[in-house]
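Quick note on numbering: the sequence shown equals residues 102 to 243 in my numbering. Just so you know, even glycine gets a beta-carbon here, dropped at the ideal spot from N, CA and C. Notes follow the structure.
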Amino acid sequence: EVEFLLDEDHDGVIYTRGSFAKKPKNCFLDTDGGERHKMNIPYDDCGLKEDEEGFLSQTIVLQQDDWLIFPGDLAFTVHCKITDQGRIARIGLADPDPSAKDLAKHKKSTVEGETTVTFTPDDIRPRKKSKKKKAVKKNDEL
Numbered sequence: 102e103v104e105f106l107l108d109e110d111h112d113g114v115i116y117t118r119g120s121f122a123k124k125p126k127n128c129f130l131d132t133d134g135g136e137r138h139k140m141n142i143p144y145d146d147c148g149l150k151e152d153e154e155g156f157l158s159q160t161i162v163l164q165q166d167d168w169l170i171f172p173g174d175l176a177f178t179v180h181c182k183i184t185d186q187g188r189i190a191r192i193g194l195a196d197p198d199p200s201a202k203d204l205a206k207h208k209k210s211t212v213e214g215e216t217t218v219t220f221t222p223d224d225i226r227p228r229k230k231s232k233k234k235k236a237v238k239k240n241d242e243l
C-alpha cells in the first residue's frame, strides 16, 4: 500500500510508470481533490520489477493534469523487500517525464525504513555548493 499525504488538494492522476494508457484499477488513480490518497499495488502487477538488490520497485507519478505532465509534477521510486528479518521499504525522487534518464543517485534523496517509510520535503537533499575557483594571477616578471 502506498499512501500520499499532500500539502495541497490533488485533482489529477496518480499512476505507476507504464500504466497511464490502459489505466488498470490497482495501478491508476484519478483524484478529484483531497490531500490524502492511497494505492494498493499488488506485487505481481503494475510493472513492478525486481532490482539488483532484490527489491520490488516501480515509479509512481503524481500528475496535476489528467493528460499532460507539467513542471511541478512529482514522481517517486518505491521499493519493497521481504526478508527473513522483516520488510524493508524505500522511497526516493524520480523524474515524472517517462523519456527522462534516471536521476543520479545523490539527487534521488532515498529514504529507507522497516515496514513503512515516509518521504517529506525535508528529505530532499540540498544541492552541494560548488567550490568557486580562485583566479590565480601569475607574475612573469623577472
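(Q) Going by DSSP in three states, CYS147 sits in which element: helix, strand or coil? (A) coil
(Q) By the DSSP assignment, the beta strand (DSSP E) with LYS182 in it spans what residues? (A) 175-184
**Q.** Residue from GLY187, ASN141, ALA176 whose Cα sits closest to the Cα of PHE156
**A.** Answer by Cα proximity: GLY187.
Q | Other residues of its chain near ASP166: CB distance less than 7 angstroms, five sequence neighbours each side excluded | A | GLY113
Q: Output the boundary residues of the beta strand (DSSP E) element that contains LYS139.
A: 137-140
Q | Backbone CA spacing between ASP110 and ASP131 [nearest angstrom] | A | 13 angstroms
(Q) For LYS182 and ASP133, what's the separation of their Cα atoms in angstroms? (A) 32 angstroms
Q: Excluding the 5 residues preceding and the 5 following ARG137 in the sequence, name in chain order all residues of the same chain whose CB lies nearer than 8 angstroms to its CB.
A: Excluding the 5 residues flanking it on each side, ARG137 has same chain C-beta neighbours closer than 8 angstroms at GLU104, PHE105, LEU106, LEU107, in chain order.
Q) CB-CB under 7 angstroms to TYR144, same chain, minus the five flanking residues each way: which ones, in chain order? A) Here the set comprises LEU157.
Q: Output the boundary residues of the alpha helix (DSSP H) element that contains LYS209.
A: Its alpha helix (DSSP H) spans residues 206-209.
Q: State the DSSP-derived secondary structure class of ASP203, mapped to helix, strand or coil.
A: coil
Q. If you follow the beta strand (DSSP E) that ASP166 is part of, which residue opens it and which one closes it?
A. Segment: none, ASP166 is in no beta strand (DSSP E) and carries neither H nor E.
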